[in-house]
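In our numbering, the protein residues as written are 3 to 322.
Taking it in order: structure first as structure tokens, then the write-up.
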């Protein structure tokens, strides 16, 4: 039997990626140690939660998988098997907490579409269309709510004024570097252009079918709304003195802020950002901490084991 040799630099690269993914968790742990009294008080608030509102948050969480299934179906022309598609979204949630920045869910859905007979290039284009529609819907919802409720967040509590210029400069620098790389590296430019042509063709095909377009954009809007509704329900369960709409604004702002953090499933970074956003919306730090802890238990930790079991079953059944 011929031995398979791995590239010499691979273990080092893997260790570097793992270290980068764990860095946000280390920072959050350091903050948690520093503010352990607030965390302890937050855990103490969990005992006073009103269970009907927690049940409503659990229902909203379950409906997010339905919304994700609608969006995935809307991003591809072929009809996907509905039950398997829904089960795949549930399993993808577990996979999403094992890899950074949503790579787990993307890999599971890409495999599912290819098994269903969608060519790899078009599956990748459908995946990109899904991510684009979800991002546009999330940003659009946040902007609409900020326009309708301009006092929902105290921006100074989220971001110091001195940091705005630095962030804008960093963003402009990133755009310039990306553009330069695309202009200088011909192979990369060719691959990107080819992918964009496929993606645009897929988007046109989807939008020529009203049912697919409705599923794509309706699911993209429903997904963040249901997530925000779940957080608002937990806030009501723990008597958070923040209006539900302001809680939704805080959720959308926090999730957009941590979208670029390479932490598996956003673990650590999402919790910290949500607490900061809820405090900026007017909530006490201890109650906001309790709300975020309960919300993440409902949306992440309770579905994790059944989601992992579903993922294993789908792999055994060769659905993915």
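From the three backbone atoms N, C-alpha and C, an ideal C-beta is built for every residue, glycine too.
Everything numeric in this text was worked out from a predicted model, so none of it was measured.
Annotated three-state conformation of residue 98 is coil, per DSSP. About 17 Å separates the CB atoms of residue 137 and residue 251; that is not less than 8 Å, and the two are not in contact. When the Cα atoms are used, residue 133 and residue 76 turn out to be separated by approximately 12 Å. When the five nearest sequence neighbours on each side are left out, the beta carbons in the same chain lying within less than 6 Å of the beta carbon of residue 209 are those of 215, in order along the chain. The three-state reading of DSSP puts residue 119 in coil, since its state is none of H, G, I, E or B. In the three-state reduction of the DSSP assignment, residue 204 falls in the helix class, which pools H, G and I. Across the structure, residue 61 and residue 121 are spaced so that their CA atoms are roughly 35 Å apart. In the structure shown, residue 63 falls within a helical segment according to DSSP collapsed to helix, strand and coil.
In the three-state scheme derived from DSSP, where H, G and I count as helix and E and B as strand, residue 149 is classed as helix.
Looking at 321, 81, 278, the one whose alpha-carbon comes closest to that of residue 211 is 81. DSSP places residue 237 inside the alpha helix (DSSP H), whose first and last residues are 212-239. Between residue 107 and residue 123, the CB-CB gap reaches or exceeds 9 Å. Residue 174 carries a helical assignment under DSSP once its states are collapsed to helix, strand and coil.
Inter-segment contact for the segment 305-315 and the segment 232-248 is absent: fewer than three beta-carbon pairs are separated by less than 8 Å.
Contact between residue 151 and residue 322 is absent: CB atoms are separated by about 41 Å, not below the 8 Å threshold. The straight-line gap separating the alpha-carbon atoms of residue 316 and residue 88 is approximately 12 Å.
Leaving aside the five residues that flank residue 116 on each side, the residues in its chain whose CB is nearer than 8 Å to its CB run, in chain order, 122, 125.
Between the alpha carbons of residue 118 and residue 69 lies a distance of about 20 Å. Counting other Cβ atoms within 10 Å of its Cβ, residue 131 reaches 16 or more and is therefore classed as buried. Closest by C-alpha distance to residue 78, out of 230, 181, 304, 205, is 205. The alpha carbon of residue 127 has as its nearest neighbour, out of 140, 197, 91, the alpha carbon of 197. In the DSSP assignment, residue 271 falls within the alpha helix (DSSP H) that extends over 271-282. Non-local C-beta neighbours of residue 238 in its own chain, meaning closer than 6 Å and more than five positions away in sequence, comprise 55, ordered along the chain. Its Cα nearest to that of residue 145, the residue 255 stands out among 188, 255, 84. Membership of residue 82 in any alpha helix (DSSP H) is not indicated, and neither H nor E is assigned to it by DSSP.
In this structure, the straight-line span from the alpha carbon of residue 73 to that of residue 217 is close to 6 Å.
If you check the CB distance, residue 257 and residue 236 do not come in under 9 Å. Residue burial is scored here from C-beta neighbours: residue 222 has at least 16 other C-beta atoms within 10 angstroms and is therefore classed as buried. Residue range 304-318 is occupied by the alpha helix (DSSP H) that includes residue 305. Scanning 244, 292, 226 for the CA closest to the CA of residue 143 turns up 226. If the five residues before and after residue 283 are omitted, its C-beta is found closer than 8 Å to the C-beta atoms of 154, 155, 156, 244, 248, 249, 251, 252, all from its own chain and listed in chain order. The three-state reading of DSSP puts residue 285 in coil, since its state is none of H, G, I, E or B. The beta-carbon distance between residue 242 and residue 285, rounded to whole angstroms, is 5 Å. This is short enough to meet the 8 Å contact definition. In the DSSP annotation of this structure, the continuous segment of the alpha helix (DSSP H) that includes residue 246 starts and ends at 246-259. Taking C-beta atoms as the reference points, residue 71 and residue 231 fail to come closer than 9 Å.
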